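Q: To start, I am sharing the structure in question, which I have written as structure tokens.
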Amino acid sequence: MRTVFLVFGLFVIICSCEVQGDLTSNTIAPAPVSPISILKSQGDFVPTSGISVAGGVKIYFEANQYKLKLENFSISDGPDLKVYLSKTSTPTEFVNLGNLNPAMIYSIPESVIISDYKYVLINCQQYNHLFAVASLIQN
Amino acid sequence: MKKIFFIVSFALIVNFSFAQGCSDAGLCSINHAFQSNEKEFRNTIEVAAILGAGESDVKYFSPYISYTKRFNEHYSFTSKVAFSAAKGSFGTKSQFGDAYLIGNYTFKEKNKKQWSTLVGLKFPFNSSNLKINGYSLPMDYQSSLGTMDLFLGTNLHYKKWDFNGAVQIPVINSNKNSYFKEYSGPDDFPSTNLFERKPDALLRATYSIKTTNNKFTIKPNLLFIYHLGEDSFENIFGKRETIAGSDGLTINGNLITAYDINKQNGIELSLATPFVVREVRPDGLTRSFVAGILYKYSF
Numbered sequence: 008m009r010t011v012f013l014v015f016g017l018f019v020i021i022c023s024c025e026v027q028g029d030l031t032s033n034t035i036a037p038a039p040v041s042p043i044s045i046l047k048s049q050g051d052f053v054p055t056s057g058i059s060v061a062g063g064v065k066i067y068f069e070a071n072q073y074k075l076k077l078e079n080f081s082i083s084d085g086p087d088l089k090v091y092l093s094k095t096s097t098p099t100e101f102v103n104l105g106n107l108n109p110a111m112i113y114s115i116p117e118s119v120i121i122s123d124y125k126y127v128l129i130n131c132q133q134y135n136h137l138f139a140v141a142s143l144i145q146n
Numbered sequence: 013m014k015k016i017f018f019i020v021s022f023a024l025i026v027n028f029s030f031a032q033g034c035s036d037a038g039l040c041s042i043n044h045a046f047q048s049n050e051k052e053f054r055n056t057i058e059v060a061a062i063l064g065a066g067e068s069d070v071k072y073f074s075p076y077i078s079y080t081k082r083f084n085e086h087y088s089f090t091s092k093v094a095f096s097a098a099k100g101s102f103g104t105k106s107q108f109g110d111a112y113l114i115g116n117y118t119f120k121e122k123n124k125k126q127w128s129t130l131v132g133l134k135f136p137f138n139s140s141n142l143k144i145n146g147y148s149l150p151m152d153y154q155s156s157l158g159t160m161d162l163f164l165g166t167n168l169h170y171k172k173w174d175f176n177g178a179v180q181i182p183v184i185n186s187n188k189n190s191y192f193k194e195y196s197g198p199d200d201f202p203s204t205n206l207f208e209r210k211p212d213a214l215l216r217a218t219y220s221i222k223t224t225n226n227k228f229t230i231k232p233n234l235l236f237i238y239h240l241g242e243d244s245f246e247n248i249f250g251k252r253e254t255i256a257g258s259d260g261l262t263i264n265g266n267l268i269t270a271y272d273i274n275k276q277n278g279i280e281l282s283l284a285t286p287f288v289v290r291e292v293r294p295d296g297l298t299r300s301f302v303a304g305i306l307y308k309y310s311f
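Protein chains in written order, with our numbering: chain D, 8 to 146; chain S, 13 to 311.
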């Protein structure tokens with residue numbers, strides 16, 4: 008029985024380190040917001056209970072493409088945070104724009120009718136917990 | 013002490029010689045839990061390393077360790093822990109995959125026929141949302157399906173033949189994968205955001221050939237796995253979408269060569285490849301080739 012425990016313990020030690028290599032195949036590189044982009048709407052983030060958030064969001068239009076940019080943005084740490092363009096202030100009808108990355112410019116899919124979406128949400132998808140809401144004001 | 017040294021050395025060699033791994037849904041390897049030919053010893057420990065080639069350029073290395081306790085000639089219990097490492101164009105990701113608990117009951121042999129049954133559970137160590145530098149990864153890079161699965165199976169041993177039948181049913185889905193093809197550079201993998209997987213049914217026929225000195229056993233086997241329905245995911249609009257073509261049949265050919273070093277120690281080499289695969293394989297379990305080596309110690 009000692010052998011079993013010894014071998015198992017060693018196996019666990021050998022394998023227990025999670026290994027993460029470099030990301031070698033990146034996501035689609037987002038185009039930067041150019042000076043000729045038109046600012047269509049913007050808003051400031053308001054946190055939900057127990058969350059701290061700072062900064063805002065701006066939506067630009069350029070060459071038939073809407074882009075979403077986070078401005079001076081920071082938020083409490085959370086697992087699996089996503090950026091949602093949403094019709095309501097809760098995540099019920101939304102477009103999932105992907106993982107939260109404050110440095111990223113998010114391309115909004117062309118099929119989205121932007122005027123229908125009045126909010127930008129920061130939502131933890133893993134636990135379905137809303138972190139912050141920005142109400143968009145037309146420019 | 014020599015035995016411990018041998019087992020530990022083996023574990024070290026298999027861990028450091030290869031840097032890749034694979035996620036096993038569980039169904040393909042549960043036939044080991046049926047094996048009841050070991051009667052002399054009450055305990056068996058197995059250490060295995062499996063190399064595999066998956067979709068696109070993904071390569072896998074997945075060691076596992078299992079422990080079987082035989083309470084009497086009828087009842088046995090197996091626990092198993094699997095680790096997985098995947099390496100491909102997204103990078104390298106490795107972590108523990110799943111833990112298995114399997115109970116087996118072997119009936120008395122009658123007219124050279126022996127039946128056995130098993131019931132088991134698979135517990136995931138993660139929610140299948142492993143990332144690299146914050147970027148979501150497809151299911152092909154995940155070490156677990158992120159589901160707690162129930163296994164139900166039966167085996168008929170008749171002369172040199174073994175026939176397995178089993179089902180693997182996801183009972184609790186905690187899959188939180190967040191990979192979107194739309195937001196990814198490569199086009200090789202389908203979207204699997206909040207992936208939901210359907211059950212599998214398995215049939216396997218194995219023929220055992222022993223050499224005259226009883227040291228080697230060659231076990232060619234044919235494995236049929238039917239995926240019982242189309243899997244689904246939540247699209248970028250938050251709507252659930254089924255993945256057309258993700259159901260259907262996979263047929264694998266597998267050749268196992270077992271060598272009994274002595275009564276207590278044995279080694280197995282397993283080679284497998286699929287002959288028929290499903291049209292779409294979003295779960296990342298399909299391999300174009302698998303090679304595994306296993307060391308078994310009974311006491």
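Idealized CB from N, CA, C, for every residue including glycine.
Computed from a prediction, not measured in an experiment: that's the story for all the values here.
1) Assess, as a yes-or-no matter, whether the region 95–113 of chain S is touched by the region 68–85 of chain S under the definition of 3 or more beta carbon pairs within less than 8 Å.
2) Quick check: the Cα distance between G62 (chain D) and K308 (chain S), rounded to an integer number of angstroms?
3) Taking 8 Å as the cut-off, decide whether the C-beta atoms of I62 (chain S) and G304 (chain S) are in contact.
4) Are the beta-carbon atoms belonging to Q132 (chain D) and S190 (chain S) less than 8 Å from one another?
5) In the DSSP assignment, find the beta strand (DSSP E) that holds H86 (chain S) and state where it starts and stops.
6) Taking only the alpha-carbon atoms, compute the straight-line gap between D259 (chain S) and V288 (chain S) and give it to the nearest angstrom.
7) Buried or exposed: which applies to S35 (chain S), given that a residue is buried once 16 or more other Cβ atoms fall within 10 Å of its Cβ?
8) May I have a chain-ordered list of the beta strand (DSSP E) segments no shorter than 3 residues that lie completely inside the region 132–192 of chain S?
9) If you draw a straight line from the alpha carbon of E242 (chain S) to that of D212 (chain S), how long is it in whole angstroms?
10) When Cβ atoms are compared, which residues of the region 237–260 of chain S fall closer than 9 Å to chain D?
11) Distance check for Y113 (chain D) and K74 (chain D), CA to CA, integer angstroms please.
12) With a cut-off of 8 Å, do at least 3 Cβ pairs link the region 155–171 of chain S to the region 125–135 of chain S?
13) Could you pull the DSSP bridge partners for S83 (chain D) from this structure?
14) On the DSSP letters alone, give me the boundaries of the beta strand (DSSP E) that Q49 (chain D) sits inside.
15) Which first and last residues belong to the beta strand (DSSP E) in which G105 (chain D) is found?
16) What does K89 (chain D) pair with, by DSSP beta-bridge criteria?
17) Looking at Y124 (chain D) and S93 (chain D), is the spacing between their C-beta atoms short of 8 Å?
18) When the Cβ atoms of the region 52–72 of chain D are set against those of the region 212–229 of chain S, are three or more pairs found closer than 8 Å?
19) Measuring only between beta-carbons, confirm whether N187 (chain S) sits less than 8 Å from chain D.
20) Helix, strand or coil, according to DSSP, for D313 (chain S) in the structure here?
21) Only counting the same chain, and skipping five residues up and downstream in sequence, which positions put a Cβ closer than 6 Å to that of F311 (chain S)?
22) What is the rounded straight-line gap between the Cα of P54 (chain D) and the Cα of T99 (chain D)?
23) Please report the distance separating the alpha-carbon of K120 (chain S) from that of K172 (chain S).
24) Buried or exposed for E246 (chain S), going by 16 or more other Cβ atoms inside 10 Å?
25) Quick check on DSSP: helix, strand or coil for D295 (chain S)?
26) Rounded to whole angstroms, what is the Cα-Cα separation between G33 (chain S) and A94 (chain S)?
27) Determine, using beta carbons only, whether D87 (chain D) comes closer than 8 Å to chain S.
28) Starting from the C-beta of N130 (chain D), find all residues in its chain whose C-beta is less than 6 Å away, skip the five residues before and the five after it, and write them out in chain order.
29) Using a cut-off of 7 Å between C-beta atoms, extract the partners of G105 (chain D) located in chain S.
30) Using only the alpha-carbon positions, how far apart do G103 (chain S) and I144 (chain S) sit?
31) Comparing the C-beta of S139 (chain S) with each C-beta of chain D, is any distance below 8 Å?
32) Since F138 (chain D) meets chain S, which of its residues come closer than 9 Å, beta carbon to beta carbon?
33) CB V127 (chain D) to CB A141 (chain D), shorter than 8 Å?
34) Quick check: the Cα distance between R290 (chain S) and K47 (chain D), rounded to an integer number of angstroms?
35) Just the chain S side, please: which residues come within less than 7 Å of Q133 (chain D) by C-beta, in chain order?
36) Taking only beta-carbon atoms, is P109 (chain D) less than 8 Å away from chain S?
A: Taking the geometry as given:
1) Taking 8 Å as the limit for Cβ pairs, the verdict is that the region 95–113 of chain S does touch the region 68–85 of chain S.
2) Looking at the two C-alpha atoms, the distance is approximately 59 Å.
3) In this structure, G304 (chain S) lies closer than 8 Å to I62 (chain S) by Cβ.
4) In this structure, Q132 (chain D) places its C-beta atom within 8 Å of the C-beta atom of S190 (chain S).
5) Unbroken run through H86 (chain S): none, as it is neither H nor E.
6) So the two alpha carbons sit approximately 13 Å from each other.
7) With a pLDDT of 33 at S35 (chain S), under the threshold of 50, the predicted position of this residue should be treated as unreliable, and no value is reported.
8) Fully enclosed beta strand (DSSP E) runs of 3 or longer: 159–170 and 173–185.
9) Rounded to whole angstroms, E242 (chain S) to D212 (chain S) spans 11 Å at the Cα level.
10) Within the region 237–260 of chain S, the residues whose Cβ lies closer than 9 Å to some Cβ of chain D are E246, N247, I248, F249 and G250, listed in chain order.
11) Near 6 Å, if we compare the C-alpha coordinates of Y113 (chain D) and K74 (chain D).
12) As far as the Cβ criterion goes, the region 155–171 of chain S touches the region 125–135 of chain S, which means the pair count is three or higher.
13) Secondary-structure assignment with DSSP links S83 (chain D) through no beta bridge to anything.
14) First-last of the beta strand (DSSP E) with Q49 (chain D): I45 to P54.
15) Looking at the DSSP string, the run of the beta strand (DSSP E) that includes G105 (chain D) is F101 to N106.
16) Bridge partners of K89 (chain D): D:N106 and D:N130.
17) In contact: S93 (chain D) and Y124 (chain D) (Cβ atoms closer than 8 Å).
18) They do not touch, by the three-pair rule.
19) Taking Cβ atoms only, chain D never reaches closer than 8 Å to N187 (chain S), which makes this a no.
20) There is simply no residue 313 (chain S) to check, as chain S begins at 13 and stops at 311 in what is shown.
21) So the qualifying residues of the chain are F53 and N55.
22) Here the C-alpha atom of P54 (chain D) lies approximately 18 Å from the C-alpha atom of T99 (chain D).
23) Each residue's Cα considered, the two are about 17 Å apart.
24) Of the other Cβ atoms in all chains shown, 16 or more fall within 10 Å of the Cβ of E246 (chain S); this residue is therefore buried.
25) It is coil, neither helix nor strand.
26) Only weak support exists for where G33 (chain S) lies, its pLDDT of 29 falling under 50; the value from the coordinates is given anyway. Straight-line Cα distance between these residues: approximately 10 Å.
27) At least one chain S Cβ lies under 8 Å of D87 (chain D).
28) Correct list, in chain order: K89, Y91, P98 and L137.
29) Neighbours of G105 (chain D) across chain S, judged by C-beta separation under 7 Å: F192 and Y195.
30) Roughly 8 Å separates the two Cα atoms.
31) For S139 (chain S), the nearest beta carbon of chain D is closer than 8 Å to its own beta carbon.
32) Residues of chain S passing the Cβ test: none, with the nearest at roughly 15 Å.
33) With contacts defined by Cβ atoms closer than 8 Å, V127 (chain D) and A141 (chain D) form a contacting pair.
34) Looking at the two C-alpha atoms, the distance is approximately 46 Å.
35) Under the 7 Å cutoff, chain S gives S139, N141 and K188.
36) With a threshold of 8 Å between beta carbons, P109 (chain D) makes no contact with chain S.
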